[in-house]
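Engineer:
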């Protein structure tokens, strides 16, 4: 039984800020006490480096670090824990794929297929990968409402030599879930490789990388109750193994010689040069265990419930324009008619409601949904329908005068 | 101190009917594009000056109430002024949003922003156009 009141008690940010309504979890999520305790415990009781020390505490921490690969693998149903690389976050995972794969395999005339819905972190590394290789970027045409158009996607392969498909699993602005399984199947039939940005999907929906058959999946710990500064790159082992690291250094090599030759560690260690974010990885393990204790199916269902509740109430207001009525991953994107998004958000802020406004790092999206700036309310497992109702009452009475008054 | 009612009127008036919001294609004008990386404000400011006197300032683009109103008001304030007079007005404005003592008389309608310093996340909105105007003066004085 999903008990949101019980869940809320696990989050010190909620307990310590009883008047705050936090609708910005797509930017970063709150952390449960067990994650915070794990980090403190590491520094107070086990503060040693990993894979280097000939003493008990270091062995214990090394083992906990390595075991986190198994935890992550089971969480996304990856076959092999060796296909889990720890990075510094989604952006660094996505860069690892783009820069490495691009550098090694992209040739002149190849196409990287992406979309104008993309977050800067997914699209910019591919700009750079193409710049260095002479490959080019193409965009999949989307439906007018910003949802994925599978038919148009298929046509892209007839027109061009698509080598890589780079798409989000869930759009960070519109919250739609893209049909990644079909996207991968079509790409694979055409000999292309698929890199998926899972930053907004992994925290919210159950992921099975084998069923989806994705080649690469990137995600961040801090959006899924874990600490910031750590992320995951999953890759099918054979693909991952073909890539060269971006960084070289301690922990990633087995031997090196005067003549400049290096014997690298095996995958995944070869990608983790330098001392990693140890407490981040340990915290991520706790975060995943916490999510698993509640159940990803339950979390997904609750996210749908919150979305449905929010949208159904918002639809009844005539001073609001909604841009993603059919999205059900806890992201609601809208504007109050006639009011600049940031002015509205300032007013909400004055009443203790935290939302994000702007273009949400997806600076090409306006080509699809035809607005530049929106208000994004993003929810997670600790938000409640009562919070939504309180927010709806505020939105209903939002006027430009009140927005201006909030800064006077 | 202006009362709240008057401040609100000034702000909304300059937001809804900005006198100086207009795209300029006249190539005698210098222009500066200023966009915020943290919010959506994204404006271009155009300036025409002759013999050290600002003849005209216009702006164009996308901005929130604070960005639009503050830029529009500052365009009014500096038009017809010498560069050094304009700089003085701008400096008084910076002092105001920095919560330092400032000369109210120099700022006229811009006094509507005298409590902006309380909104750390909006100071950027209230200075983006002003910075652009300052940059244009710098450009002219190079």
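Protein chains in written order, with my numbering: chain U, 1 to 408; chain E, 1001 to 1142.
A virtual CB, placed ideally from N, CA and C, is assigned to each residue, including glycine.
1) Output, in chain order, the set of chain E residues within a Cβ distance shorter than 8 Å of residue 405 (chain U).
2) Our contact map puts residue 1075 (chain E) next to residue 340 (chain U) with C-beta atoms below 8 Å; I'd like the distance itself, whole angstroms only.
3) Please confirm if residue 408 (chain U) has its CB atom under 9 Å from at least one CB of chain E.
4) Could you tell me if residue 1 (chain U) is buried or exposed, where buried requires 16 or more neighbouring beta carbons within 10 angstroms of its beta carbon?
5) Note down, in chain order, each residue of its chain lying with its Cβ closer than 7 Å to the Cβ of residue 356 (chain U), except the 5 sequence neighbours on either side.
6) Given that a residue counts as buried once 16 or more other Cβ atoms are within 10 Å of its Cβ, and exposed if not, what is residue 69 (chain U)?
7) Can you confirm whether residue 1027 (chain E), when its beta carbon is compared against all beta carbons of chain U, has any partner nearer than 9 Å?
8) Excluding the 5 residues preceding and the 5 following residue 353 (chain U) in the sequence, name in chain order all residues of the same chain whose CB lies nearer than 7 Å to its CB.
9) Quick test of your reading: residue 117 (chain U) and residue 171 (chain U), contact by CB under 8 Å. State the CB separation rounded to the nearest angstrom.
10) For a contact meaning CB atoms closer than 9 Å, what does residue 400 (chain U) contact in chain E?
11) Examine the Cβ distances between the region 61 to 75 of chain U and the region 186 to 194 of chain U and report whether three or more of them are shorter than 8 Å.
12) With a CB to CB cut of under 7 Å and the five nearest residues on each side skipped, what residues in its chain are close to residue 1055 (chain E)?
13) If distances are taken between C-alpha atoms only, which option among U:335, U:125 and U:280 comes closest to residue 92 (chain U)?
14) Quick one: does residue 1125 (chain E) have its CB under 9 Å from some CB of chain U?
15) DSSP state of residue 306 (chain U), grouped into three classes?
16) Quick check on the burial criterion: 16 or more other C-beta atoms within 10 angstroms. Buried or exposed for residue 235 (chain U)?
17) Report the option in U:175, U:167 and U:59 whose CA atom is closest to the CA atom of residue 182 (chain U).
18) Measure from the C-beta of residue 192 (chain U) to each C-beta in chain E and report whether the shortest distance is under 9 Å.
19) Decide yes or no for the touch test of the region 320 to 335 of chain U against the region 1002 to 1013 of chain E: beta carbon pairs closer than 8 Å, at least 3 of them.
20) Counting only Cβ pairs nearer than 7 Å, list the residues of chain E close to residue 343 (chain U).
21) Could you tell me the alpha carbon to alpha carbon distance between residue 1108 (chain E) and residue 325 (chain U), rounded to whole angstroms?
22) Does DSSP put residue 1046 (chain E) in a helix, in a strand, or in coil?
23) List the residues of chain E whose Cβ lies closer than 7 Å to the Cβ of residue 121 (chain U), in chain order.
24) Which chain E residues sit within Cβ distance under 7 Å of residue 340 (chain U)?
25) Check the Cβ-Cβ distances between residue 1116 (chain E) and every residue of chain U, and say whether any is below 9 Å.
26) Is the beta carbon of residue 29 (chain U) sitting closer than 9 Å to the one on residue 233 (chain U)?
27) Around the C-beta of residue 121 (chain U), are 16 or more other C-beta atoms found within 10 angstroms, so that it is buried, or is it exposed?
28) Mapping DSSP to helix, strand and coil, what is residue 416 (chain U)?
29) Of all the residues that make up the region 64 to 91 of chain U, which are near chain E by a beta-carbon distance shorter than 9 Å?
30) Buried or exposed: which applies to residue 197 (chain U), given that a residue is buried once 16 or more other Cβ atoms fall within 10 Å of its Cβ?
31) Just mark residue 342 (chain U) as buried or exposed, buried being the case when its beta carbon has 16 or more other beta carbons within 10 Å.
32) For the region 198 to 222 of chain U, list every residue whose C-beta sits within 8 Å of some C-beta in chain E, in sequence order.
33) Alpha carbon to alpha carbon, how far is residue 80 (chain U) from residue 262 (chain U)?
34) What ranges does the alpha helix (DSSP H) occupy inside the region 149 to 194 of chain U, keeping only unbroken runs of at least 4 residues that lie completely in it?
35) Answer with yes or no whether the minimum CB distance from residue 41 (chain U) to chain E is below 9 Å.
36) Out of curiosity, what's the CA-to-CA distance linking residue 408 (chain U) and residue 1118 (chain E)?
Structural biologist: Looking at the coordinates:
1) Chain E residues near residue 405 (chain U): 1004 and 1008.
2) Incorrect: roughly 19 Å between the Cβ atoms, too far for contact.
3) Taking Cβ atoms only, chain E reaches closer than 9 Å to residue 408 (chain U), which makes this a yes.
4) Counting the other CB atoms within 10 Å of its CB gives residue 1 (chain U) a total below 16, which places it among the exposed residues.
5) Only 24, 27 and 376 meet the Cβ criterion.
6) Counting Cβ neighbours within 10 Å, residue 69 (chain U) comes out buried, since at least 16 surround it.
7) No, its Cβ sits nowhere closer than 9 Å to a Cβ of chain U.
8) Once the five neighbours on either side are set aside, the close Cβ partners of residue 353 (chain U) are 21, 23, 391 and 394.
9) About 5 Å separates the two Cβ atoms, so the contact holds.
10) Correct list: 1012, 1015, 1016 and 1065.
11) Contact fails between the region 61 to 75 of chain U and the region 186 to 194 of chain U, because fewer than three Cβ pairs, one in each stretch, are under 8 Å apart.
12) In the same chain as residue 1055 (chain E), and ignoring 5 residues on each side of it, the C-beta atoms closer than 7 Å to its own belong to 1048 and 1049, in chain order.
13) Ranking the options by Cα distance to residue 92 (chain U), first place goes to U:125.
14) Interface residue, yes.
15) Residue 306 (chain U) falls in the helix class under three-state DSSP.
16) Answer is buried; the Cβ neighbour count reaches 16.
17) Of the candidates U:175, U:167 and U:59, U:167 places its Cα closest to the Cα of residue 182 (chain U).
18) For residue 192 (chain U), the answer is no, since every Cβ of chain E falls outside 9 Å of its Cβ.
19) The region 320 to 335 of chain U and the region 1002 to 1013 of chain E do not touch, with fewer than 3 CB-CB distances between them shorter than 8 Å.
20) One finds 1064 and 1065 in chain E with Cβ atoms closer than 7 Å to the Cβ of residue 343 (chain U), taken in chain order.
21) So the alpha carbons of these two residues sit roughly 46 Å apart.
22) Residue 1046 (chain E): strand per DSSP, three-state reduction.
23) Chain E residues near residue 121 (chain U): none, gap ~14 Å exceeds 7 Å.
24) Correct list: 1064 and 1065.
25) With respect to chain U, the C-beta atom of residue 1116 (chain E) has a partner C-beta closer than 9 Å.
26) Their beta carbons are not under 9 Å apart, which means residue 29 (chain U) does not touch residue 233 (chain U) by this criterion.
27) Taking all protein chains shown into account, residue 121 (chain U) has 16 or more neighbouring C-beta atoms within 10 Å of its C-beta and is therefore buried.
28) The displayed coordinates of chain U run from 1 to 408. Any statement about residue 416 (chain U) would go beyond what the structure contains.
29) Listed by position, the residues of the region 64 to 91 of chain U near chain E (Cβ gap below 9 Å) amount to none.
30) Classification of residue 197 (chain U): buried, given that the 10 Å Cβ count is 16 or more.
31) That one is buried.
32) So the list is empty, because no residue satisfies the distance condition.
33) Spanning the two alpha carbons is a distance of roughly 26 Å.
34) The region 149 to 194 of chain U contains these whole alpha helix (DSSP H) runs: 150 to 159 and 180 to 189.
35) Closer than 9 Å: no.
36) So the two alpha carbons sit approximately 9 Å from each other.
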